[in-house]
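Enquirer: Got a structure for you, written out below as C-alpha cells; questions coming shortly.
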Amino acid sequence: MAVDCGVNFTGIQFENPFLLSSAPPTESESNIMRAFEAGWGGVVTKTIGLHPVVNVYGAKAKFMRTSPETAAVSMKKAPNSALHSSWNWELISDKPIDWWEPRIRRIKDAFPNRVLIASIMAGSGNDKELHHWQQLAEACQNAGADGLELNFSCPHMDRKDMGSNIGKDQVLCSVVTEAVKEVSRIPVWCKLTPATANIVLEAGACFRGGADAIVSSNTFPSLPLIDPETLDFEINVDGFVSSGGLGGPAILPMALAKMAQLTQAFPDNSFSGIGGISDMSQALSYFMLGCGTVQVCTSAMLDHAVGPNVIKRLNEQYKAFLEKHEASGWNSLEDFRGSRRDRVVLQSQIRRPGRSDYNAGYEMVEGYATPAEADAEEAAR
Ligand SMILES: Cc1cc2nc3c(=O)[nH]c(=O)nc-3n(C[C@H](O)[C@H](O)[C@H](O)COP(=O)(O)O)c2cc1C
C-alpha cells in the first residue's frame, strides 16, 4: 500500500498537511499563487478586516539572531549566527475586503485543489461589530474561500474588543464564533492567543460557539532588546516601541506546551499547530501531539518570501517519514496523529529513583498511600 500524504482536516481535503499561516507570505495574490506553485497544501490569507489600517513607520518585522561565540540575541546581523526568532508589530492587511474578493476568486480558479482559508477580524461586544464578522465571512465564502480563520490572536491591537483581546475573553470567543457560524457554510477555525493563563478555557468557549478547529499559536507578546551602544530599542520609531509578537524557533517549545494542553483537553477535536516550524522534525511534534495540519510563517518569510525550499523539504521529509514507518502500519497522518499526546503527564507521574520520597509537594500521611499510589490503586479497582 502506497503512503498517502493527503489529509482531511475539518472536512477539507489537503494534498499535504502544510499551510502558510496568515502573515506577509500570504498578503497578495502573486505570493499565494507562488506558494501554491511551490507545493503548499494550503494558505491562510493575511487577516482581512473592515477597519482602515495604517502601519508604523519603517520596518514592520525583523529577525533576531544569536551566535555561539557571543551568546548575544540581536537584530544585528553577525557572522556564524543562527535564527532565534522573528519580532513584528505589523497590523492586519491594509487592503480592504473589496480588494481581496476578486483575488480570492482568481486564486481558487487557478488552483481549485489547493486550500485557501480566509483569515478575518472585526471588533466585538455589539451587534454592529458582530455584523462586521458576518459581512467578512460571507464575502470570503462567496468569493470561494474553503474555510475561515477567526483572528482572536493578533497581539498588537489597542482596541479592547479586537484581536488577542477577544482571545482573552471566553464570552467574546463564544459569541463571535457563533455569529460567524450563523452565516457560514464552510468550516470555521479560531486562532487563539497564547497569552492567557489557561488556553483550554478559551478553546472550550470557541467550541461551544461551534468552532470546527482551534489554531495555536500566534506570536507571543514581547519587546525587542535595547541596543547597548545606542541605548535605544533595536526597532523603534522616534525612540518608542510597543509590545509586538515573537515567532520562529524561540517559541517552538512554548507553542508545543500550549498545544499539548489543548489536545489533551479535547482529544476528539481538530487542531492546527503553528510556531517555529521549518522542517519535519518540528512538524512531527505537533502531529504526534494531535494536530491535523501545521502552519508556517517565519521560516517561509526568510526563504524567498513564500518558502519554496521550506515546503519542498517538508514534503520530501514527510513522505520519507511515512515510507520509513510504512512497515509498522503508518500510511497516513491518521495512523500516528496524537500518538504521543498522552506522554505529557503530571510531575508526580514521572519515574524517579526513590519514588516514595516524593509526594508531589503534599505532606506524607503516615500509614496511608501517597496520592499517586492511591490514584493507581483506585484506577486498578
Ligand atoms: C510579520 C508578521 C505578520 C503577521 N500577521 C498575522 C496576521 O495578519 N494574522 C494572523 O493571524 N497572524 C499573523 N502573524 C502570526 C503568524 O501567522 C504565526 O502565527 C506566527 O508568526 C508564529 O509562527 P512562526 O513561528 O512560524 O512564525 C504574523 C506574523 C508575522 C511575523
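Heads up: the sequence shown at position 86 corresponds to 86 in our numbering, and the numbers run straight through without jumps.
Where a beta carbon is used, it is the ideal one built from N, C-alpha and C, also for glycine.
These numbers come from a predicted model, not from an experiment.
Quick one: does the C-beta of Lys62 sit closer than 6 Å to a heavy atom of ligand 1?
Expert: Every heavy atom of ligand 1 is 6 Å or more from the Cβ of Lys62, so no.
Enquirer: How big is the Cα-Cα spacing for Trp40 and Glu178?
Expert: Approximately 30 Å between the Cα atoms of the pair.
Enquirer: At 3 residues or longer, what runs of the beta strand (DSSP E) sit wholly inside the segment 85-160?
Expert: Listed in chain order, the complete beta strand (DSSP E) runs (minimum 3 residues) inside the segment 85-160 are 115-121 and 147-152.
Enquirer: Using three-state DSSP, classify Ala320 as helix, strand or coil.
Expert: Reduced to three states, the DSSP call for Ala320 is helix.
Enquirer: Examine ligand 1 and report whether any of its heavy atoms sits within less than 6 Å of the Cβ of Val310.
Expert: Flag unset: Cβ of Val310 not near ligand 1.
Enquirer: Tell me the residue span of the beta strand (DSSP E) that contains Ile214.
Expert: First-last of the beta strand (DSSP E) with Ile214: Ala213 to Ser216.
Enquirer: Mind listing, in chain order, the continuous beta strand (DSSP E) runs of no fewer than 3 residues lying wholly within the segment 272-340?
Expert: List check, beta strand (DSSP E) in window: 293-296.
Enquirer: Report whether the distance from the Cβ of Pro25 to the nearest heavy atom of ligand 1 is below 6 Å.
Expert: Every heavy atom of ligand 1 is 6 Å or more from the Cβ of Pro25, so no.
Enquirer: Whose C-beta lies closer than 8 Å to the C-beta of Ser81 among residues of the same chain, with five residues either side of it excluded?
Expert: Closer than 8 Å at the Cβ level, and outside the excluded window around Ser81, lie Arg65, Thr66 and Ser67.
Enquirer: If I follow the unbroken alpha helix (DSSP H) through Phe207, where does it start and stop?
Expert: Where Phe207 is concerned, the enclosing alpha helix (DSSP H) stretches over Ile199 to Arg208.
Enquirer: Counting only beta-carbon separations shorter than 7 Å, does Cys5 have a partner in chain C?
Expert: No chain C appears in this structure, which consists of one protein chain only.
Enquirer: Would you mind working out which of Val73, Thr230 and Gln141 sits nearest Glu101, comparing C-alpha positions?
Expert: It is Gln141.
Enquirer: Enumerate in chain order the residues of its own chain whose CB-to-CB distance from Asp342 is below 8 Å, with the five nearest sequence positions on each side excluded.
Expert: Excluding residues within five positions, the ones whose Cβ falls inside 8 Å are Gln264.
Enquirer: Just to confirm my understanding: we take Asn331, look at its own chain, exclude 5 residues before and 5 after, and list those with CB closer than 8 Å. What are they?
Expert: Met1, Ala2, Val3, Asp4 and Leu322, listed in sequence order.
Enquirer: In angstroms with no decimal places, state the Cα-to-Cα distance between Asp268 and Asp212.
Expert: Cα to Cα, Asp268 sits roughly 11 Å from Asp212.
Enquirer: Ends of the beta strand (DSSP E) at Gly247?
Expert: It spans Gly244 to Gly247 - the beta strand (DSSP E) in which Gly247 sits, taken as one unbroken run.
Enquirer: In this structure, does DSSP put Gly354 in helix, strand or coil?
Expert: Three-state result, Gly354: coil.
Enquirer: For Gln295 versus Ile311, is the C-beta spacing smaller than 7 Å?
Expert: Not a contact, by the Cβ cut-off of 7 Å.
Enquirer: If you pair each beta-carbon of the segment 221-239 with each one of the segment 173-187, do three or more pairs fall below 8 Å?
Expert: Too few Cβ pairs lie closer than 8 Å, so no.
Enquirer: Just mark Asn151 as buried or exposed, buried being the case when its beta carbon has 16 or more other beta carbons within 10 Å.
Expert: When all chains shown are included, Asn151 counts as buried.
Enquirer: Is Ile12 helix, strand or coil by DSSP?
Expert: Reduced to three states, the DSSP call for Ile12 is strand.
Enquirer: Do Gln134 and Val183 have their CB atoms nearer than 7 Å?
Expert: Yes, Cβ-Cβ distance for Gln134 and Val183 is below 7 Å.
Enquirer: Contact check, Leu289 vs Leu256 under 8 Å by CB: the rounded distance?
Expert: Correct: roughly 7 Å between the Cβ atoms.
Enquirer: Could you please give the first and the last residue of the uninterrupted alpha helix (DSSP H) stretch that includes Cys173?
Expert: Note, Cys173: alpha helix (DSSP H), Gln170 to Val183.
Enquirer: Answer yes or no: the CB of Ser22 versus the heavy atoms of ligand 1, is any distance below 6 Å?
Expert: At least one heavy atom of ligand 1 is nearer than 6 Å to the Cβ of Ser22, so yes.
Enquirer: Gly42 lies in the alpha helix (DSSP H); which residues open and close that run?
Expert: Unbroken run through Gly42 is the beta strand (DSSP E), Gly42 to Val44; no alpha helix (DSSP H).
Enquirer: Who pairs with Arg343 in a beta bridge, going by DSSP?
Expert: Partner(s): none; Arg343 has no beta bridge.
Enquirer: Quick check: does the Cβ of Asn218 come within less than 6 Å of any heavy atom belonging to ligand 1?
Expert: Yes, ligand 1 has a heavy atom inside 6 Å of this Cβ.
Enquirer: Alpha carbon to alpha carbon, what distance is there between Phe240 and Lys60?
Expert: Whole-angstrom Cα-Cα distance: 14 Å.
Enquirer: What does a CB cutoff of less than 8 Å around Trp93 pick up in its chain, not counting 5 residues either side in sequence?
Expert: It is Ser, not Trp, that sits at residue 93 in the sequence shown. Glu27, Thr45, Lys46, Thr47, Ile48, Gly49, Val53 and Trp100, listed in sequence order.
Enquirer: Rounded to whole angstroms, what is the Cα-Cα separation between Lys76 and Glu234?
Expert: Taking the straight line from one Cα to the other gives about 8 Å.
Enquirer: Our contact map puts Phe9 next to Thr193 with C-beta atoms below 8 Å; I'd like the distance itself, whole angstroms only.
Expert: That belief does not hold up - the Cβ atoms of Phe9 and Thr193 are roughly 22 Å apart, past 8 Å.
Enquirer: For Gly383, which residues of its own chain have a beta-carbon under 8 Å away from its beta-carbon, when the five flanking residues on both sides are left out?
Expert: Residue 383 is absent from the structure shown; the chain starts at 1 and stops at 381.
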